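There are 2 protein chains.
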Amino acid sequence: MLKLYEESGKMALGSRLRQFGESLGAEAEKVYQLYGVQMDPKWFPVFFMLKDGSCMSITALAEAIGHSHASVSKIVKEMTKAGMCCSEKVPGDGRVNQVCLTEKGKQQLEKFQRQSGDVEAVVQDLLAQSQNDLWEAITEFEYQLEEKNLFSRIKEKHQSREQAKVKFVEFEDKYAKAFSDLNYEWIGKYFDVEESDRVMLDAPREYILDNGGYIAMALYENETVGTCALIKHSDERYELAKMAVDDSAKGLGIGYLLGLHMLEVANKRGGKSVFLESNTKLTPAINLYKKMGFQRIVGEPSPYARCYIQMEVSV
Amino acid sequence: MLKLYEESGKMALGSRLRQFGESLGAEAEKVYQLYGVQMDPKWFPVFFMLKDGSCMSITALAEAIGHSHASVSKIVKEMTKAGMCCSEKVPGDGRVNQVCLTEKGKQQLEKFQRQSGDVEAVVQDLLAQSQNDLWEAITEFEYQLEEKNLFSRIKEKHQSREQAKVKFVEFEDKYAKAFSDLNYEWIGKYFDVEESDRVMLDAPREYILDNGGYIAMALYENETVGTCALIKHSDERYELAKMAVDDSAKGLGIGYLLGLHMLEVANKRGGKSVFLESNTKLTPAINLYKKMGFQRIVGEPSPYARCYIQMEVSV
DNA sequence: CTGAGATGTGTAACTAGTTACGTAACTGGT
DNA sequence: ACCAGTTACGTAACTAGTTACACATCTCAG
Numbered sequence: 243m244l245k246l247y248e249e250s251g252k253m254a255l256g257s258r259l260r261q262f263g264e265s266l267g268a269e270a271e272k273v274y275q276l277y278g279v280q281m282d283p284k285w286f287p288v289f290f291m292l293k294d295g296s297c298m299s300i301t302a303l304a305e306a307i308g309h310s311h312a313s314v315s316k317i318v319k320e321m322t323k324a325g326m327c328c329s330e331k332v333p334g335d336g337r338v339n340q341v342c343l344t345e346k347g348k349q350q351l352e353k354f355q356r357q358s359g360d361v362e363a364v365v366q367d368l369l370a371q372s373q374n375d376l377w378e379a380i381t382e383f384e385y386q387l388e389e390k391n392l393f394s395r396i397k398e399k400h401q402s403r404e405q406a407k408v409k410f411v412e413f414e415d416k417y418a419k420a421f422s423d424l425n426y427e428w429i430g431k432y433f434d435v436e437e438s439d440r441v442m443l444d445a446p447r448e449y450i451l452d453n454g455g456y457i458a459m460a461l462y463e464n465e466t467v468g469t470c471a472l473i474k475h476s477d478e479r480y481e482l483a484k485m486a487v488d489d490s491a492k493g494l495g496i497g498y499l500l501g502l503h504m505l506e507v508a509n510k511r512g513g514k515s516v517f518l519e520s521n522t523k524l525t526p527a528i529n530l531y532k533k534m535g536f537q538r539i540v541g542e543p544s545p546y547a548r549c550y551i552q553m554e555v556s557v
Numbered sequence: 243m244l245k246l247y248e249e250s251g252k253m254a255l256g257s258r259l260r261q262f263g264e265s266l267g268a269e270a271e272k273v274y275q276l277y278g279v280q281m282d283p284k285w286f287p288v289f290f291m292l293k294d295g296s297c298m299s300i301t302a303l304a305e306a307i308g309h310s311h312a313s314v315s316k317i318v319k320e321m322t323k324a325g326m327c328c329s330e331k332v333p334g335d336g337r338v339n340q341v342c343l344t345e346k347g348k349q350q351l352e353k354f355q356r357q358s359g360d361v362e363a364v365v366q367d368l369l370a371q372s373q374n375d376l377w378e379a380i381t382e383f384e385y386q387l388e389e390k391n392l393f394s395r396i397k398e399k400h401q402s403r404e405q406a407k408v409k410f411v412e413f414e415d416k417y418a419k420a421f422s423d424l425n426y427e428w429i430g431k432y433f434d435v436e437e438s439d440r441v442m443l444d445a446p447r448e449y450i451l452d453n454g455g456y457i458a459m460a461l462y463e464n465e466t467v468g469t470c471a472l473i474k475h476s477d478e479r480y481e482l483a484k485m486a487v488d489d490s491a492k493g494l495g496i497g498y499l500l501g502l503h504m505l506e507v508a509n510k511r512g513g514k515s516v517f518l519e520s521n522t523k524l525t526p527a528i529n530l531y532k533k534m535g536f537q538r539i540v541g542e543p544s545p546y547a548r549c550y551i552q553m554e555v556s557v
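So the protein lines, in turn, are chains A and B. Residues 243 to 557 (the working numbering) make up the first sequence, in order. Residues 243 to 557 (the working numbering) make up the second sequence, in order.
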């Protein structure tokens, strides 16, 4: 095993797979020669798909063998030149180019079958002697990645580690600027800032906290990266509002954590339900609310011109 | 799984490995981006080998990561241009170019370590959930191939199947031409044909069979592809001579089978030992005899000018 | 000490794939 | 009937590696 793989750990799995696959493939040409099959190893996948005499289009071949159509197009061109296959336009559809083996191509079949039988037997043998069956291992790994690909898994890991660095703290006056800045930022991005916004953002203590509300600040490595407010409408009913997360911290799922934190606070304060008003235009936000458990309701008309949707959740 | 792999069986293992490895690698760039590591994924192996601050030559790097030195040379050139590493001639030896990370390169390390930790954990997790551990499976497979590579194994399989088609029959007059042709062919290739050759080859019945000897012909798909003679020197002592295999059938191990066949015949006829005379120049032949059990002896001087070695085996 | 062969590196040309793009043919809604 | 979008294909340009070759430097036997 290469020094790299000894030291790198399994993070280099992809690299190792590719390299090992290539080293196996390197022997292929000698094998073809041994059996007298007059074929370039890279033709193998195309040849194999056509070997039972069927005709296939370029695209169908590409799909079946996992290459780009461009690659298949080139391979077919070479094979045609070597007299191994031929192609013709299919009558019904002037676009598709149907490819099939020529007689000469079919003549390779007998030798090829002998070869593939032997190779199969050798590989089968090697696999059987291993504790971990390489073929099955790939199948299993691929299957797992089909459910959720590698990148998503890594992203989740990344996110959950980063989220551990996020803390939520109660509003203090020193956060007043951060609170308004974060909100002005996103409101200005999608709408015009309205008077009703300005009032609350500039005097949160007066309009939110003193009326029994609550404001949380999200801190990430001691930077304020998000904020959210609970406005008290009655002892049992709070409004979730002024949620804002800075672009620099997007993608860490801070919004979600912040939201859950707010629901928890509402619950602790005796709230039974939390509602919010938003705009269907803000798809990511709406999805976030849904994920938090909010469901659309028909509520009383809102003083905000941009409000088209109301949602609620019990806590 | 692709249709190709479903149908092809495990003969396409190499192809599948490479393809799967590539598909994993394709996600790498996004991962680097996610963690803010300013690095081209293809730099990874070089970066990794240098990450502990050590200096390495191009060739040493190439060896460690399993690339050609040319590839490493290109990667280092790119990394140098990006300011990630630098290289300088080593004082003792004007040829070697020692490469190490720059400060900027080392700055990537922290982020890289975070990333590799997460990736490692995710892959480890996936492997642990599989019945067949992909990483271990490759290690095992590689280990097996180290002992004997894939091509050798296939060749053996091929050979043993082809050998089943070889039959040995006793000399008849209809084989007289084949017997002499096969021998003249190889003798002429290495030496001048001598009178003592001519006598026996042209009248095998008289000089070999009638004196209690034996001649076998090797048939492969009804073609005579080889021959060999036993010359009786005494009731217990035979000479193996006139062994010839046609070029068209080389590589199938026919010589070996033919030799064993002759020893068997000698044994059945009451022989206790078989000797032969040959020339050290004919390395493949000598190796073949060794494989059959023959050992070098010092014997009586031979009438053949080309004979430099005598070998014997008990049967 | 000197010349033949080995070693280390860089560059050029090749290889087996890819993505990007252009063109022609088909399809489906008005 | 038509045109906007989709599909099939081929070609060109790119990519990440390779092998082949050129060249400088080193090593060591005579």
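The beta-carbon is built from N, C-alpha and C at its ideal position, and this holds for glycine as well. Computed from a prediction, not measured in an experiment: that's the story for all the values here.
Item                                                                                                                                                                            : Value
Residue ranges of each alpha helix (DSSP H) run of no fewer than 4 residues wholly in the segment 317-374 of chain B, ordered along the chain?                                  : 345-370
Suppose you measure from the CA of Val314 (chain A) to the CA of Ser299 (chain A); what does that come to, to the nearest Å?                                                    : 10 Å
Along the chain, which unbroken stretches of the beta strand (DSSP E) at least 3 residues long are found entirely within the segment 361-440 of chain A?                        : 408-412
Chain A partners of Tyr277 (chain B), CB-CB under 8 Å?                                                                                                                          : His400
Looking at chain A, is there any beta carbon in it that lies within less than 8 Å of the beta carbon of Glu362 (chain B)?                                                       : yes
Check the Cβ of Met485 (chain B) against every Cβ in chain A and list those closer than 8 Å, keeping chain order.                                                               : The contacting residues do not exist; Met485 (chain B) stays about 24 Å from chain A at best.
Could you tell me the alpha carbon to alpha carbon distance between Lys346 (chain A) and Arg356 (chain A), rounded to whole angstroms?                                          : 17 Å
Suppose contacts are defined by Cβ-Cβ distances below 8 Å. Is Ile429 (chain B) in contact with Met442 (chain B) by that definition?                                             : no
Considering just the uninterrupted stretch of the beta strand (DSSP E) at Leu461 (chain B), what are its terminal residues?                                                     : 456-462
Quick test of your reading: Leu482 (chain B) and Leu518 (chain B), contact by CB under 8 Å. State the CB separation rounded to the nearest angstrom.                            : 4 Å
Measure the alpha-carbon distance for Ala254 (chain B) versus Val365 (chain A) and round it to whole angstroms.                                                                 : 10 Å
Ala306 (chain B) and Leu246 (chain A) - do their beta-carbons sit closer together than 8 Å?                                                                                     : yes
Taking a cut of 9 Å between CB atoms, which residues from the segment 248-264 of chain B lie near chain A?                                                                      : Glu249, Ser250, Gly251, Lys252, Met253, Ala254, Leu255, Gly256, Ser257, Arg258, Leu259, Arg260, Gln261, Phe262, Gly263, Glu264
When you check each C-beta in the segment 388-412 of chain A against every C-beta of chain B, which residues fall closer than 8 Å?                                              : Asn391, Leu392, Phe393, Arg395, Ile396, Lys397, Lys399, His400, Arg403
In or out: Gln371 (chain A) buried (at least 16 other Cβ within 10 Å) or exposed?                                                                                               : exposed
By a C-beta neighbour count over all protein chains shown, 10 Å radius and 16 as the cutoff for buried, is Asp415 (chain B) buried or exposed?                                  : exposed
For my contact list, Leu376 (chain B) and Ala379 (chain A) are in at a C-beta cut-off of 8 Å; report their separation, rounded to the angstrom.                                 : 4 Å
Looking only at DSSP bridge pairs, what is Tyr480 (chain A) linked to?                                                                                                          : A:Lys474, A:Val516
Using a threshold of 8 Å, state whether the C-beta atoms of Ile551 (chain B) and Ser520 (chain B) are closer than that.                                                         : yes
Can you tell me whether Lys510 (chain B) is buried or exposed, with buried defined as 16 or more other CB within 10 angstroms of its CB?                                        : exposed
Which residues in chain A sit within 7 Å of Met291 (chain B), going by Cβ to Cβ distance?                                                                                       : Leu246
On the premise that Gly256 (chain A) lies in contact with Gly263 (chain B), defined as a C-beta separation below 8 Å, what is that separation, rounded to the nearest angstrom? : 5 Å
Chain A partners of Thr381 (chain B), CB-CB under 7 Å?                                                                                                                          : Met243
Roughly how many angstroms lie between the CA atoms of Ala460 (chain A) and Gly535 (chain A), to the nearest whole one?                                                         : 21 Å
Could you check which residue in B:Phe290, B:Asn374, B:Lys323, B:Glu362 has the C-alpha nearest to that of Gln350 (chain B)?                                                    : B:Phe290
Which residues, taken in chain order from the segment 292-314 of chain A, show a beta carbon closer than 7 Å to some beta carbon of chain B?                                    : Ala306, Ile307, Gly308
Run through chain B and tell me which residues come within less than 7 Å of Gln366 (chain A), C-beta to C-beta.                                                                 : Lys252
I need the straight-line Cα distance from Lys284 (chain A) to Lys399 (chain A), nearest angstrom please.                                                                        : 38 Å
Between Ser422 (chain B) and the rest of its own chain, which residues show a CB-CB distance below 7 Å, the 5 nearest in sequence each way excluded?                            : Leu443, Asp444
Flag Ala458 (chain B) as yes if its beta-carbon sits less than 8 Å from any beta-carbon of chain A, otherwise no.                                                               : no
Tell me whether the beta-carbon of Val279 (chain A) lies closer than 8 Å to the beta-carbon of Ile396 (chain B).                                                                : no
With 16 other CB atoms within 10 Å as the buried threshold, where does Gly325 (chain B) fall?                                                                                   : exposed
Grouping DSSP H, G and I as helix and E and B as strand, with all else coil, what is Thr525 (chain A)?                                                                          : helix
Assign Gln563 (chain A) to one of three DSSP states: helix, strand, or coil.                                                                                                    : As shown, chain A starts at 243 and ends at 557. That puts residue 563 (chain A) outside it, with no answer to give.
Please check if any C-beta of chain B sits within less than 8 Å of the C-beta of Leu494 (chain A).                                                                              : no
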